[in-house]
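What follows is a single structure, written as structure tokens, with notes after it.
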Amino acid sequence: MQENRLGEFLRARRELADPSSYDLPDFGRRRTPGLRRDELALLAGVSSYYYARLEQGRDRNPSEAVLDSIARVLQLDTESSRHLRELARPGPARRPRAKPERVTPALQMLLGTWPGQAAIITGRFRDVLAATELAVLVNPGFAVGKNLLRQIFLDPAARDIYPEWDSIAAGAVAGLRVSSGIDVDDPRLRALVGELSLKSEQFRRLWARHDVHEKTSGVKLFNNAVVGTLELNYATFGVNGSEGQTLQIFFPTAGSPAEQSMTLLSTLMPAPGGCQKTSPERSPR
Numbered sequence: 001m002q003e004n005r006l007g008e009f010l011r012a013r014r015e016l017a018d019p020s021s022y023d024l025p026d027f028g029r030r031r032t033p034g035l036r037r038d039e040l041a042l043l044a045g046v047s048s049y050y051y052a053r054l055e056q057g058r059d060r061n062p063s064e065a066v067l068d069s070i071a072r073v074l075q076l077d078t079e080s081s082r083h084l085r086e087l088a089r090p091g092p093a094r095r096p097r098a099k100p101e102r103v104t105p106a107l108q109m110l111l112g113t114w115p116g117q118a119a120i121i122t123g124r125f126r127d128v129l130a131a132t133e134l135a136v137l138v139n140p141g142f143a144v145g146k147n148l149l150r151q152i153f154l155d156p157a158a159r160d161i162y163p164e165w166d167s168i169a170a171g172a173v174a175g176l177r178v179s180s181g182i183d184v185d186d187p188r189l190r191a192l193v194g195e196l197s198l199k200s201e202q203f204r205r206l207w208a209r210h211d212v213h214e215k216t217s218g219v220k221l222f223n224n225a226v227v228g229t230l231e232l233n234y235a236t237f238g239v240n241g242s243e244g245q246t247l248q249i250f251f252p253t254a255g256s257p258a259e260q261s262m263t264l265l266s267t268l269m270p271a272p273g274g275c276q277k278t279s280p281e282r283s284p285r
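The sequence shown begins at 1 in full-length UniProt numbering and counts up by one.
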């Protein structure tokens, strides 16, 4: 049976829409959350019959004008609108990777020259492929071989490590949607999502929302066992020539208490400070 990814996305986003934010007749109490199909069709300027076929997967060739209208009604941002178009116009699927993801020797060497910097490199499915020693001291979940999604949703200590766990969890799932794109057939992604869905009700709920968003900079809070609360800026960069790999750098604001805390943490690093090497990709448990 052919999967209906476009329909799943439309239904999820429709059910998250707030009917009170639209100029709609009041038909009384609603049995289901969000907009009804006929309401979304009315607001988008298409027939109810056509929209129902689109959501049910019986019509897979919506025009650009229809996609624009639906994106407008659902109030999709730029990333979500792009994702909608990718689902409606899927290109050739990626071939599953036969080899483990690895960091290039040059990039591995670069991280080794950053003893005072907290930095990690993650793969497409948030596996930690490389990390500086200081990054692991900031967060044990940054150790090579760990998976950030497993830490967030399956490690009981995660809620202590991340004071803003709710936003961290939502962002991690939305980011996974971005990095996996429309190619959700990769065996590793299926296994990871299946494992997390089975073991975490919170992951299941967030994955069902079909949020698509990835922040490339901002501030994150960590509770550190040695220095307490750390407020660190972060910036992420795609790794050229290594599809899906991301370099994440964490750094304190100059003159802040976090800068002093990071200096203290750096004294705990093995001498000389360095970088954990890439480990073979682990299969989902």
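Ideal Cβ positions, reconstructed from N, Cα and C, are used throughout, including at glycine.
Treat the numbers as computed from the prediction; the structure is a model and nothing was measured.
Setting aside the 5 residues that flank it on each side, G175 is surrounded in the same chain by E214, each with a C-beta closer than 6 Å to its C-beta; the list follows chain order.
Under the 8 Å Cβ criterion, the segment 259–269 does not count as touching the segment 235–244, having fewer than three qualifying pairs. Around the beta carbon of K199, fewer than 16 other beta carbons sit within 10 angstroms, so the residue counts as exposed. Under a 10 Å Cβ-count criterion, F237 is classified as exposed, with fewer than 16 other Cβ atoms of the shown protein chains found around its own Cβ. Contact between the segment 41–56 and the segment 222–235 is absent: fewer than three C-beta pairs spanning the two stretches fall below 8 Å.
Close CB contacts of R177 within its chain, under the 6 Å cut and outside five residues either way in sequence, are with V212 (chain order). Between the segment 156–163 and the segment 112–129 there are fewer than three C-beta pairs closer than 8 Å, too few to call the two in contact. Closest by C-alpha distance to R85, out of R60, P105 and T216, is R60. Taken through DSSP and simplified to helix, strand or coil, V227 comes out as coil. Taking S197 as reference, the option from E101, E15, I168 and L149 with the minimal CA-CA separation is L149. In this structure, Y22 sits away from R37, with a CB-CB distance that is not shorter than 9 Å.
Burial check for L247: the Cβ neighbour count within 10 Å reaches 16 or more, so the residue is buried.
By a beta-carbon distance limit of 8 Å, F142 contacts I120. Their separation comes to about 5 Å. In the structure shown, D211 adopts coil according to DSSP, grouped into three states.
In its chain, beyond the 5 residues on either side, D160, I161, P163 and T229 have a beta carbon closer than 7 Å to the beta carbon of N223. Taking every protein chain shown into account, the CB of G255 has fewer than 16 other CB atoms within 10 angstroms, so this residue is exposed.
Residue pairing by DSSP puts V128 in a beta bridge opposite T122. Residue pairing for N139: DSSP places it in no beta bridge.
Assigned with DSSP and collapsed to three states, A235 falls in strand. Taking all protein chains in view, the Cβ of Q56 is surrounded by fewer than 16 other Cβ atoms within 10 Å, so the residue is classified as exposed. A distance below 7 Å between beta-carbons, with the five flanking residues on each side excluded, links R11 to the following residues of its chain, in chain order: E55. Annotated as proximal: L6 and A88, with beta-carbon spacing under 9 Å.
Ranking P25, L189, L137 and D68 by CA distance to the CA of V226 puts L137 first. Only exposed fits G45, as fewer than 16 other CB atoms lie within 10 angstroms of its CB. For Q248, the secondary structure class from DSSP, reduced to helix, strand or coil, is strand. With 16 or more other CB atoms across the displayed protein chains lying within 10 angstroms of its CB, K220 is buried. For the pair T132 and V103, the Cα-to-Cα distance works out to about 13 Å. The C-beta distance from V128 to G145 rounds to 7 Å, short enough to fall under 8 Å. Assigned with DSSP and collapsed to three states, L16 falls in helix.
In this structure, the beta-carbon distance from E8 to P33 does not fall below 9 Å.
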